[in-house]
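Here's the structure we're looking at; comments come further down.
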Amino acid sequence: MNVFRLAGDMTHLLSIMVLLLKIHSMKSCAGISLKTQELYVLVFATRYLDIFTTYFSFYNTVMKIVFLVTSFSIVWYMRHHKVVRQTYDRDQDTFRHHLLVIPCFLLALLINHRFTVREVLWTFSLYLEAVAILPQLVLLQRSRNIDNLTGNYVFFLGAYRGLYLFNWIYRYMAEKSQLRWIPWISGLVQTALYADFFYYYIKSWKKREKLQLPA
Amino acid sequence: DDYDDYHDEL
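Order-wise, the sequence lines are chains A and B.
Going by the working numbering, the residue at position 199 of the first sequence is 199; the numbering climbs one at a time, nothing skipped.
Going by the working numbering, the residue at position 6 of the second sequence is 1006; the numbering climbs one at a time, nothing skipped.
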């Protein structure tokens, strides 16, 4: 595993830890989109099906379990925890996220590496992950007050796929891996969607000001 | 089978 891949995984893990920290310590999910969190559950559930069929490494298995368990528990907290769920911005989190699921699935049926159940679901998870942040970005734009943990959560979540882009370049150049257009283009789209957010996040960080996105 | 080549990523 190269340094970019490891940094990407750690950033991804860090983003989830930051979100769990917010939920546990502040007992709040204000500013967090349940729609995005539900999409991540679907992303992980369809991508990590191979946990039962293929063993890669101890690291790989542990990380998959962590991502599955944490994504399910975040959704559980936001929906069912008696305190946390009251902080959910239901009225502002109105993105119709199921409208993202069907086009991604159709695209995975049409454009995939191999037409098998496992491969189509894996491809679907890549396409869906690329756009899963959209409800969260819309909610952030509507939020007057973006607290630090929420801002950092979204930043780390965006940085993770950006680091994967470097990992893919490295694998292609140094390890002579094959062309892998499906994850590459999905990852590129995913990272590009954060461009605006990154710009304002870094600007506010430099000026030591509170993060606010223009409407 | 080149499944393993890229499915080891998360």
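Beta carbons: idealized from backbone N, C-alpha and C, even for Gly.
| query | result |
| --- | --- |
| Where does residue 75 of chain A fall in DSSP's three states? | helix |
| Residues in the segment 49-60 of chain A with C-beta within 9 Å of chain B's C-beta atoms, listed in sequence order? | 50, 54, 56, 57, 60 |
| Short of 8 Å Cβ to Cβ, which residues in the segment 59-74 of chain A face chain B? | 60, 63, 64, 67 |
| Comparing the C-beta of residue 183 of chain A with each C-beta of chain B, is any distance below 8 Å? | yes |
| I want to verify the contact list: residues of chain B whose CB lies under 7 Å from the CB of residue 180 of chain A, in sequence order. | 1006 |
| Looking at the ligand SAM, does it come within less than 7 Å of residue 98 of chain A, judged from the CB to the closest heavy atom? | No copy of the ligand SAM occurs in the structure displayed, which carries no ligand at all. |
| If I'm right that residue 134 of chain A touches residue 193 of chain A with Cβ under 8 Å, what's the distance once you round it to whole angstroms? | 7 Å |
| Measure from the alpha carbon of residue 114 of chain A to the alpha carbon of each residue in A/84, A/28, A/9, A/182, then state which is nearest. | A/182 |
| Closest to residue 217 of chain A by CA distance: which of A/165, A/122, A/37, A/207 is it? | Chain A is shown from 1 up to 215; residue 217 of chain A falls before or after that span and cannot be answered. |
| Can you tell me whether DSSP reads residue 132 of chain A as helix, strand or coil? | coil |
| Go ahead and pull the three-state DSSP assignment for residue 55 of chain A. | coil |
| With a threshold of 16 other CB atoms inside 10 Å of the CB of residue 178 of chain A, please say whether the residue is buried or exposed. | exposed |
| Below 8 Å between beta carbons: does that hold for residue 49 of chain A and residue 118 of chain A? | yes |
| Near residue 84 of chain A, which residues of its chain fall below 8 Å by C-beta distance, leaving aside the five closest residues on each side in sequence? | 23, 27, 28, 29, 77, 78 |
| Whether or not the segment 66-73 of chain A and the segment 102-111 of chain A are in contact is what I'm after, with contact meaning three or more pairs of Cβ atoms, one per stretch, closer than 8 Å; do they touch? | no |
| Going by alpha carbons, who is nearest to residue 16 of chain A out of A/46, A/141, A/63? | A/63 |
| In or out: residue 3 of chain A buried (at least 16 other Cβ within 10 Å) or exposed? | exposed |
| Alpha carbons only, please: which of A/47, A/120, A/209, A/168 is nearest the one belonging to residue 184 of chain A? | A/168 |
| Determine, for residue 205 of chain A, whether the minimum Cβ-Cβ distance to residues of chain B falls below 8 Å. | no |
| Rank A/35, A/47, A/101 by C-alpha distance to the C-alpha of residue 67 of chain A and give the top, closest one. | A/47 |
| According to DSSP, is residue 164 of chain A part of a helix, a strand, or is it coil? | helix |
| Rounded C-beta distance between residue 31 of chain A and residue 150 of chain A? I'm assuming under 8 Å. | 4 Å |
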